Amino acid sequence: MASHISNETSFDHLLDDLADGFGREERFQANKAGAKKFAQIMKPKVPYRFNLRKGETAHLRDSLINVEHANGSVDVGFTKKSMKGYVARIINDGWIPKPPGGRAKQSNYDPVAGKHFWEATQREAKGEVGKAVAASLKATMDKKVHSQ
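Residues 1 to 148 (full-length UniProt numbering) are what the sequence shown spells out, left to right.
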């Protein structure tokens, strides 16, 4: 049995790198991979109209974006510029129609059920997003280990 490690300094350096964990850029890349997978699963579920209304610049499905934050996190949502966030929420959650004029406190109309595309995507993407993040982190860890 060997009583010493022949590459002790490089081994110590490798352990120090692994102990440092993942930096902001590595976390960002992993979260970006997960967000990309989530958006890829969600895009076909978002309702699509073939014609734009007057004043619209983009379809709801086309306004889906990834927002990157300084701490390495990534959010998936709808663009603020095209003002599609509130439209997506109404379509996703449903709404209660108001009578013409909008003054009545009670509506005689039946509630419109939501499409719940966001929740369906969360259920479907749960495992897939985790796999994408894990694969990205594994690639980063392999790169750290093999660079020594």
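Ideal placement from N, C-alpha and C gives every residue a C-beta, glycine not left out. Quick caveat: nothing in here was measured; it's all calculated off a predicted structure.
Take glutamate 25 and list the residues in its own chain whose beta-carbon comes closer than 8 Å to its own, dropping the five residues that flank it on each side.
Translated into the one-based positions of the sequence shown, residue 25 becomes position 25. Contacts found: Gly72.
Burial state of arginine 123 (16 or more Cβ within 10 Å):
Numbered from 1 along the sequence shown, position 123 holds the residue referred to as residue 123. Exposed.
Identify the residues that DSSP records as bridge partners of alanine 113: which are they?
Here residue 113 refers to the residue found at position 113 of the sequence shown. According to DSSP, alanine 113 bridges with Gly94.
Per-residue DSSP class, three states only, for methionine 1:
For this step, residue 1 is matched to residue 1 along the sequence shown. Low confidence applies here, because methionine 1 scores a pLDDT of 47, under 50, leaving its location unreliable and the question unanswered by this model.
Excluding the five sequence neighbours on either side, which residues of its own chain have a C-beta within less than 8 Å of the C-beta of alanine 33, listed in chain order?
As a first step, residue 33 is located in the sequence shown; it is residue number 33 there, counting from the start. Once the five neighbours on either side are set aside, the close Cβ partners of alanine 33 are Ala132, Val133, Ala135, Ser136.
Given that a residue counts as buried once 16 or more other Cβ atoms are within 10 Å of its Cβ, and exposed if not, what is glutamine 29?
As a position in the sequence shown, residue 29 is number 29, starting the count at 1. Flag for glutamine 29 reads buried.
Within-8 Å CB hit, arginine 24 to chain D
Looking for chain D here will not work: only one protein chain is present.
In the DSSP assignment, the beta strand (DSSP E) including phenylalanine 78 goes from what residue to what residue?
Position 78 of the sequence shown, counting from 1, holds the residue named residue 78. Note, phenylalanine 78: beta strand (DSSP E), 74 to 78.
Valine 67 bridges to which residues according to DSSP?
Working through the sequence shown from its first residue, we reach residue 67 at position 67. Per DSSP, Asp75.
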